[in-house]
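Trainee:
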Amino acid sequence: MATAGDQQMKQFVEDLLSKMTLEEKIGQLNLVAVGFDVTGPVVSENVDENIRKGNVGGVFNTYTPNAARKLQEFAVNNTRLKIPLLFGYDVIHGHRTIFPIPLGLSASWDMNAVERSARIAGDEASADGLNWVFSPMVDIARDARWGRIAEGAGEDPYLGSQVARAMVRGYQGNDLTLANTVMACVKHFALYGAAEAGRDYNTVDMSLNRMFNEYMPPYKAAIDAGAGSVMTAFNEINGVPATGNKWLMTELLRDQWGFDGFVVTDYTAINEMVAHGVGDEAKAGELALKAGVDMDMVGEVFLKNLKQSVEKGNVSEEEINTSVRRILEAKYKLGLFEDPYRYTNEERAKNTIMKPEYREAARDIARKSMVLLKNEKQTLPLKKTGSIALIGPLAKNQRDMIGNWSGAGDWKQAVSVEQGIRNVAGNSTKINYAKGANITDDEQMIKRLNAHGGELEIDTRTSEQMIAEAVKVARGSDVIVAVVGESQGMSGEAASRADITLPGKQRELLMALKKTGKPLVVVLMNGRPLALNWEDENADAMLETWFAGTEAGNAIADVLFGNYNPSGKLTATFPQVVGQVPIYYAHKNTGRPFGGELLDKYKSRYMDVTNEPLYPFGYGLSYTTFNYSKPQLSKNSITPDESLEVTVNVQNTGNYDGEEVVQLYVQDVVGSITRPVKELKGFQKISLKKGESRTVTFTITPEDLKFYNNDMEYVLEPGEFKVYVGTNSRDVQEASFTVQ
Ligand code: BGC
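Count along the sequence shown from 1, add 407, and you get the number used in the working numbering.
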């Protein structure tokens, strides 16, 4: 229902619109990038001129209160209608204080932590001149080759939806006009994570039932949480580029889902429709506008062509008005007409950005995101005495700690693992360091990475020399901590990899270290699931730390020395080898499921590897152990509108206090379309003291049992359902019930 405030907004926008020339209207639909040089944001001449002409509706990449204020003043003082600008930016996992990459954040399974990271990011961004963030990225991703799997919450629609909601709440709070909230932008609409072969920007072709059951829920959740804007995707969907897709942006997003914010394209995505093969630029612009795009990011297709499109009668001025209204409404919702300088308060910037409390939160959230993949013979936690061979190309590294898409983050402020160990273990632990290997020795790759913000240095020694030094250091120490993985630029946009093992000579390094017989702790940094068969077999302990952000080293040391007991769980399946991808837990059964018999030839299987992942979805260890009772159901049979309760007793049976993510999965055994072998439908992160036990209760509602059938009806089909509860998607105990 429209409120009085809405009415006021509509009236305001209508009045303003009636004063605008066609050129000024088209200008509002134009988003320009105002770049920056090494010393910070710069305002180019050309942009000034464009703003003066009323050709700019918003800018992105300009931040700091000073730079944003300058530009905003220019817009307000030099344009006929004094319409303020939007200031957008890629605030992805923190703004100045950097949190773990989103894949890592999701591995915390802690929605308060996720929301808090977005809240802090929103607070810092809004203090830094910004009012609009290009986040959350909610694309479901099941292909580890795709570099952008790093930017989302992994493979699962249920978990992904929770994360999407938490992020939107964190950024927007419940009042967008406040000076410390920013407008969220849900991306990339839609299905970007399903790019064929994991190659970025590639084709997506998908059945409707997969789309709606598996890929759409997080976008919908973000919209329902009130996200103010949506960004299109680069990919095509079933033959129609997302950016020119009327079904997607109008019928689905607006008419069915009721989205009332604005849609911005991804970077030059309208122009790119020419290469997709829809026609020339003017045609692409018309398609985009008519499909439901409101703002053109950087490509200037609207700016250059829309006027002629109106003159030719291909686009009506009313169609343009519709988009202009949405942009003006966004500015109104942000309170910009009331005070264009709301987000440019230097004093607030000084008191907000990277304040100690925020760094402390970054450290805490980073710890929560780490996943203990292996821990034999209680190798971890380490003792704060004796000597550590600290080895590996990422051990002293600062640049990579803040990960990809950390634009305004200053890596020089990031804590390296070495520094973190010194901070946490103090002087009683001796650190013996050797680099051991480069992250990669591929010169082409290094050039590319460094051309886009990387800081890779190639050691001039041969790899044999480096490994020999590391082995010597290891022999003289009590335990090896090998910090290995990818460089941050090996994931993220345009960073697909066809080989997802440890790059360069890092596995050779680990092999040599293994031969010393010293306990081998592998600390991993990477933006995607890696294929770690050898490492899993040979390491004594292995900790997945993603790219953990500004406080990475401190958080890692907290976990290594047991100041924090790891509690993260994987949100994307780790394959044994790349040939298994796309691999995900919620798969279908096939007519020939493979049961593991060697000679069972005609089954859905590989000849050279089992079907199992290396680490399943939801997997992660703790320094303690948890024992689960069999799940109990409150009823064995329900009607289609009843709920039921599942209870399970979880006991901490080990020697440490710890947290556990208790997971609930459901399987619809028979359906009018085939259904996944299990689907996550609930989780609770609980904290148990040593010896403590607790009964955890889940409610399964009719909503949890529904799915889209092939007629796109959202239905609950009576019949048998199985319930699985456990510590990950594989290690579960079962119960079942029927819906009459
Ligand atoms: C990315 C978006 C990003 C935009 C603006 C694009 O290349 O796909 O995720 O928000 O650039 O930087």
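Just so it is clear, CB atoms sit at the ideal spot from N, CA and C, and this is done for glycine as well.
In angstroms with no decimal places, state the Cα-to-Cα distance between Q1039 and E1141.
Mentor: Looking at the two C-alpha atoms, the distance is approximately 9 Å.
Trainee: Compute the Euclidean distance between the alpha carbons of T610 and G561, then round it to the nearest angstrom.
Mentor: T610 and G561: Cα-Cα distance of roughly 20 Å.
Trainee: Looking at G554 and A902, is the spacing between their C-beta atoms short of 8 Å?
Mentor: It is a contact, given that the beta carbons lie within the stated cut-off.
Trainee: Identify, in the order they occur along the chain, each residue of the same chain with its Cβ nearer than 8 Å to the Cβ of R476, setting aside the five sequence neighbours on each side.
Mentor: Once the five neighbours on either side are set aside, the close Cβ partners of R476 are G536, Y748, T751.
Trainee: Helix, strand or coil: how does DSSP classify T1017 here?
Mentor: In this structure, T1017 counts as coil in the three-state DSSP scheme.
Trainee: Reducing DSSP to helix, strand and coil, say where R806 ends up.
Mentor: Looking at R806 - three-state DSSP - the assignment turns out to be helix.
Trainee: Looking at Y369 and the ligand BGC, is the gap between the Cβ and the nearest heavy atom below 7 Å?
Mentor: Because the chain in this structure spans residues 408 to 1147, residue 369 falls outside the shown range and cannot be described.
Trainee: What is the C-beta distance between F1001 and N1018, in whole angstroms, given that I count them as a contact (C-beta under 8 Å)?
Mentor: At roughly 6 Å, the Cβ-Cβ gap stays under 8 Å, so F1001 and N1018 are in contact.
Trainee: Taking the alpha helix (DSSP H) that L510 belongs to, which residues open and close that run?
Mentor: Here the alpha helix (DSSP H) through L510 covers 509 to 513.
Trainee: Return helix, strand or coil for I772, following the three-state DSSP convention.
Mentor: Three-state result, I772: helix.
Trainee: Within 7 Å: the Cβ of F494 and any heavy atom of the ligand BGC?
Mentor: No, the beta carbon of F494 sits no closer than 7 Å to any heavy atom of the ligand BGC.
Trainee: For the ligand BGC, is there a heavy atom less than 7 Å away from the beta-carbon of D497?
Mentor: Yes - the ligand BGC has a heavy atom lying nearer than 7 Å to the Cβ of D497.
Trainee: In whole angstroms, give me the CA-to-CA distance for Y1035 and W818.
Mentor: Computed Cα separation, rounded: 42 Å.
Trainee: Please find out if some non-hydrogen atom of the ligand BGC comes closer than 7 Å to the beta-carbon of M574.
Mentor: No, the ligand BGC has no heavy atom inside 7 Å of this Cβ.
Trainee: What residue from V1016, K1042, T997 has the CA that sits closest to L1005's CA?
Mentor: Minimum Cα distance to L1005 is reached at V1016.
Trainee: What are the boundary residues of the beta strand (DSSP E) that includes F467?
Mentor: Unbroken beta strand (DSSP E) run through F467: 465 to 467.
Trainee: With DSSP collapsed to three states, give me the class of Q983.
Mentor: Coil at Q983, not helix or strand.
Trainee: Compare the C-alpha of A796 against each of N538, K762, A841, R487 and name the closest.
Mentor: A796 has its Cα closest to that of A841, out of N538, K762, A841, R487.
Trainee: To the nearest angstrom, how far is it from the Cα of G1027 to the Cα of V637?
Mentor: So the two alpha carbons sit approximately 33 Å from each other.
Trainee: What residues in its chain sit with their C-beta under 6 Å from that of V700, if we drop five residues either side in the sequence?
Mentor: Cβ neighbours of V700 beyond the five flanking positions: V670, T672.
Trainee: By Cβ distance below 8 Å, which residues in the same chain neighbour Q820 in space, the five residues on each side in sequence not counted?
Mentor: Correct list, in chain order: M761, T957.
Trainee: By the DSSP assignment, the beta strand (DSSP E) with Y739 in it spans what residues?
Mentor: Careful: Y739 lies outside any beta strand (DSSP E), inside the alpha helix (DSSP H) at 724 to 740.
Trainee: Just reading off the beta strand (DSSP E) that V822 is part of, what are its end residues?
Mentor: Premise fails: V822 is in no beta strand (DSSP E) and is neither H nor E.
Trainee: At a cut-off of 7 Å, is E900 close to the ligand MN when judged by its beta-carbon and the heavy atoms of the ligand?
Mentor: The ligand MN is not part of the structure shown, which contains the ligand BGC as its ligands.
Trainee: State the Cα-Cα distance for the pair Y608 and P648, rounded to the nearest angstrom.
Mentor: For Y608 and P648, the distance between alpha carbons rounds to 11 Å.
Trainee: Give the DSSP-derived three-state secondary structure of M932 in the structure shown.
Mentor: Reduced to three states, the DSSP call for M932 is strand.
Trainee: Excluding sequence positions up to five away, which residues of its chain have a Cβ less than 6 Å from the Cβ of L660?
Mentor: Excluding sequence neighbours, L660 sits near F666.
Trainee: So which of S513, G461, I508 has the shortest CA-CA distance to I490?
Mentor: That would be G461, whose Cα lies nearest to the Cα of I490.
Trainee: At a cut-off of 7 Å, is F669 close to the ligand BGC when judged by its beta-carbon and the heavy atoms of the ligand?
Mentor: No, since every heavy atom of the ligand BGC falls outside the 7 Å radius drawn around the Cβ of F669.
Trainee: Please list the terminal residues of the continuous beta strand (DSSP E) segment that includes N1034.
Mentor: From DSSP, the beta strand (DSSP E) with N1034 extends over 1033 to 1035.
Trainee: If you draw a straight line from the alpha carbon of A993 to that of S1011, how long is it in whole angstroms?
Mentor: Taking the straight line joining both Cα atoms gives about 16 Å.
Trainee: I need the straight-line Cα distance from S1029 to P973, nearest angstrom please.
Mentor: Cα-Cα distance, rounded: 5 Å.
Trainee: Mind pulling the beta strand (DSSP E) runs of 3 or more residues that sit fully within the stretch 542 to 612?
Mentor: As far as the stretch 542 to 612 is concerned, its whole beta strand (DSSP E) runs of at least 3 residues are 592 to 596.
Trainee: Does DSSP put Y1131 in a helix, in a strand, or in coil?
Mentor: Y1131 falls in the strand class under three-state DSSP.
Trainee: Would you call the stretch 931 to 949 and the stretch 886 to 905 touching, i.e. three or more CB-CB distances under 8 Å?
Mentor: As far as the Cβ criterion goes, the stretch 931 to 949 touches the stretch 886 to 905, which means the pair count is three or higher.
Trainee: Identify, in the order they occur along the chain, each residue of the same chain with its Cβ nearer than 8 Å to the Cβ of M416, setting aside the five sequence neighbours on each side.
Mentor: Hits under 8 Å: E736, Y739, K740.
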